[in-house]
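With the first letter of the sequence shown counted as 1, position 76 gets the number 76 in UniProt numbering; the numbers rise by one all the way through.
Virtual Cβ for every residue (Gly too), placed ideally from N, Cα, C.
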Amino acid sequence: MIKYILGFIILLAVILVAITVGANNDQVISFNYIIAKSEIQLSTLVAILFGLGLILGWFITGFFYLKLKLKNMSLARQVKRQTLQINELTTSRDKAAQ
Numbered sequence: 001m002i003k004y005i006l007g008f009i010i011l012l013a014v015i016l017v018a019i020t021v022g023a024n025n026d027q028v029i030s031f032n033y034i035i036a037k038s039e040i041q042l043s044t045l046v047a048i049l050f051g052l053g054l055i056l057g058w059f060i061t062g063f064f065y066l067k068l069k070l071k072n073m074s075l076a077r078q079v080k081r082q083t084l085q086i087n088e089l090t091t092s093r094d095k096a097a098q
């Protein structure tokens, strides 16, 4: 529950920052990119670039999180398999000792 509240507070803070930036920058600038050139408001450009950076950051973070999660699952399977092997060896040793 706290995770959702914290996420909502962060989302609210991002929206508040975007509104504050957008309200103060109404200047029109010329933005050149690889394909073409556009006349766009500075606040719109900042919001777009901020949003793209946020999305890119979430994708990169998600990729590394997924990678770690898969590695954790693999290691958990390996530990389980080794535990079973140890149990088999100790029971066979105990039977041989009797």
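- Residue state for I19 is assigned as helix, using DSSP reduced to three classes.
- DSSP lists N32 as the bridge partner or partners of K37.
- The beta carbons of I29 and L45 sit closer together than 8 Å.
- Residue state for Q27 is assigned as coil, using DSSP reduced to three classes.
- The C-alpha of I40 is placed about 60 Å away from the C-alpha of R81.
- Exclusion of the five residues before and after F31 leaves K37, S38, E39, I40, L45 as the residues of its chain whose Cβ lies within less than 8 Å of its Cβ.
- Linking D94 to G62 through their CA atoms gives a straight-line distance of about 48 Å.
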